[in-house]
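To start, the structure itself, in structure tokens.
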Amino acid sequence: MRSVGTLTRADLAESINRRVGLSRAESLEMVEAILGHMCEALGEGENVKISGFGTFLLRDKAERVGRNPKTGVEVPITPRRVLTFRASQMLKDRICAGN
Numbered sequence: 004m005r006s007v008g009t010l011t012r013a014d015l016a017e018s019i020n021r022r023v024g025l026s027r028a029e030s031l032e033m034v035e036a037i038l039g040h041m042c043e044a045l046g047e048g049e050n051v052k053i054s055g056f057g058t059f060l061l062r063d064k065a066e067r068v069g070r071n072p073k074t075g076v077e078v079p080i081t082p083r084r085v086l087t088f089r090a091s092q093m094l095k096d097r098i099c100a101g102n
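Numbering of the sequence shown is given in our numbering, commencing with residue 4 and proceeding in unit increments.
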């Protein structure tokens, strides 16, 4: 049974268990292995593309000046690397069809 509103690791493992027939432990191990591999790749600076789903992209943001909205004081925002997700057209189409 799926959690309401959020898809969890346990939900993914349960789906693999039902569809593929692996044990619950093996299914959870597979989910953990896939997520672990994705995290390793991103940690090494690689983008992760899952065809038909989307791409996890790493972007380097330069230093810039920000402003505290309460006080209006300008503060420097340090350069950093951010993770973004770009949905594939197939995923976008499926989402739109669901509404």
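Beta carbons: idealized from backbone N, C-alpha and C, even for Gly.
Counting only the same chain and skipping the five closest in sequence on each side, list residues whose C-beta sits under 8 Å from that of residue i.
| i | result |
| --- | --- |
| Val68 | Glu77, Val78, Pro79 and Ile80 |
| Arg97 | none |
| Thr58 | Asn50, Val51, Lys52, Phe88, Arg89 and Ser91 |
| Val70 | For clarity, residue 70 is Arg in the given sequence; the question names Val instead. If we look at Arg70 and ignore the five residues flanking it on each side, its Cβ neighbours are Val76, Glu77 and Val78. |
I believe residue i touches residue j by the beta-carbon criterion, under 8 Å. Please report the beta-carbon distance rounded to the nearest angstrom.
| i | j | result |
| --- | --- | --- |
| Asn20 | Arg12 | Wrong, their Cβ atoms sit about 12 Å apart, outside the cutoff. |
| Phe56 | Leu94 | 6 Å |
| Leu86 | Leu61 | 6 Å |
| Leu45 | Met33 | Actually they are not in contact, since the Cβ atoms of Leu45 and Met33 sit about 19 Å apart, beyond 8 Å. |
Return helix, strand or coil for residue i, following the three-state DSSP convention.
| i | result |
| --- | --- |
| Gly75 | coil |
| Gly69 | strand |
So if DSSP puts residue i in a beta bridge, which residue, or which two residues, is it bridged to?
| i | result |
| --- | --- |
| Phe88 | Phe59 |
| Lys95 | According to DSSP, which records beta bridges pairwise, Lys95 is partnered with nothing at all. |
| Val23 | Answer by DSSP bridge pairing: none, since Val23 is not bridged. |
| Arg83 | Lys64 |
Between residue i and residue j, what straight-line distance do the alpha-carbon atoms span, to the nearest angstrom?
| i | j | result |
| --- | --- | --- |
| Met41 | Pro82 | 24 Å |
| Arg22 | Thr9 | 20 Å |
So, for residue i: in the same chain, excluding its five sequence neighbours on each side, which residues have a beta-carbon less than 6 Å away from its beta-carbon?
| i | result |
| --- | --- |
| Ile47 | Reading off the sequence, residue 47 comes out as Glu, not Ile. None. |
Between residue i and the rest of its own chain, which residues show a CB-CB distance below 7 Å, the 5 nearest in sequence each way excluded?
| i | result |
| --- | --- |
| Glu29 | none |
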